Amino acid sequence: MSQLDELYREVILDHYRNPRRRGTLSGDHLHAEGVNPSCGDEFSLDIEVRDGVVVDAAMQGQGCSISQASGSMMMNTIVGKSVSDVEDLTYKFKLMMSIEEGDNPVDPDRPGSVLGDLEALQGVRKFPVRIKCAGLAWSTLSDALQQAGQES
Ligand code: ZN
2 MSQLDELYRE VILDHYRNPR RRGTLSGDHL HAEGVNPSCG DEFSLDIEVR DGVVVDAAMQ
62 GQGCSISQAS GSMMMNTIVG KSVSDVEDLT YKFKLMMSIE EGDNPVDPDR PGSVLGDLEA
122 LQGVRKFPVR IKCAGLAWST LSDALQQAGQ ES
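In our numbering, the protein residues as written are 2 to 153.
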């Protein structure tokens, strides 16, 4: 295992063991739930969107380390971002995971990429069955944001 793989593994395990933003929101919020039957992963999230910005987010879920770590990293990254930035991030994540067609936005020579910790998940591409695990949180997020679009 290369040093980089090892670092990525650490990041994923850390988010899996200590998920960020676990819980639910009590105020006005959007809610969505997703399942990945091929692995048995479950993920649900609450997000509060105010004036086009994600101001708070909380998640619940159970399943494999990839699905839960991806969710934890995602929740951590989206708070404070505008909905259009979150949609852009979702697109870039899907490109990185080859869920969408296009050039991988992750340039290993450029530090501080927009995806941050999420880049730890790019190794998952080598395991096509696990790509659905990594993408579960993101498709659930898209479902929640679609509700936001319908309300405005
Ligand atoms: Zn899974």
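By construction, the Cβ of each residue, glycine as well, lies at the ideal position given by its N, Cα and C atoms.
For clarity, every value in this text was computed on a predicted model and none was experimentally measured.
Going by other Cβ atoms of all chains shown within 10 Å of its Cβ, with 16 needed for buried, is T78 buried or exposed? For the purposes of this step, residue 78 is taken as residue 77 along the sequence shown, with counting starting at 1. Under this definition T78 is a buried residue.
At which residue ranges does the region 77–120 contain complete alpha helix (DSSP H) runs of 4 or more residues, listed in the order of the chain? 84–97
Can you tell me where the beta strand (DSSP E) holding D42 begins and where it ends? Here residue 42 is taken as the residue at index 41 of the sequence shown, counted from 1. Run containing D42: D42 to R51, per the beta strand (DSSP E) assignment.
Which residues mark the beginning and the end of the alpha helix (DSSP H) in which H16 is found? In the sequence shown, the residue the question calls residue 16 occupies position 15. Where H16 is concerned, the enclosing alpha helix (DSSP H) stretches over Q4 to R18.
For the beta strand (DSSP E) containing L31, list its first residue and its last residue. Translated into positions along the sequence shown, residue 31 becomes position 30. Residues L31 to N37.
G24 beta carbon less than 8 Å from that of F44: Against the sequence shown, residue 44 aligns to sequence position 43. Against the sequence shown, residue 24 aligns to sequence position 23. For F44 and G24, no; Cβs fall outside 8 Å.
Answer yes or no: the CB of G124 versus the heavy atoms of the ligand ZN, is any distance below 7 Å? Here residue 124 is taken as the residue at index 123 of the sequence shown, counted from 1. False, no ligand heavy atom lies under 7 Å from that Cβ.
Within the continuous beta strand (DSSP E) that includes G62, where are the two ends? One-based indexing of the sequence shown puts residue 62 at position 61. Looking at the DSSP string, the run of the beta strand (DSSP E) that includes G62 is V54 to Q63.
Grouping DSSP H, G and I as helix and E and B as strand, with all else coil, what is R126? Here residue 126 corresponds to residue number 125 of the sequence shown, with the count starting at 1. In the structure shown, R126 sits in a helix (DSSP, three-state: H, G or I).
Buried or exposed by the 16-neighbour rule on C-beta atoms within 10 Å, applied to D42: By 1-based counting over the sequence shown, the position of residue 42 is 41. Per the 10 Å Cβ criterion, buried.
Neighbourhood of H32 by C-beta distance below 6 Å, restricted to the same chain and skipping five residues each side: Here residue 32 refers to the residue found at position 31 of the sequence shown. Cβ within range, chain order: D47.
Cα-Cα separation, E120 to C134: On the sequence shown, residue 120 is found 119 positions in, with the first residue counted as 1. On the sequence shown, residue 134 is found 133 positions in, with the first residue counted as 1. Roughly 15 Å between the two C-alpha positions.
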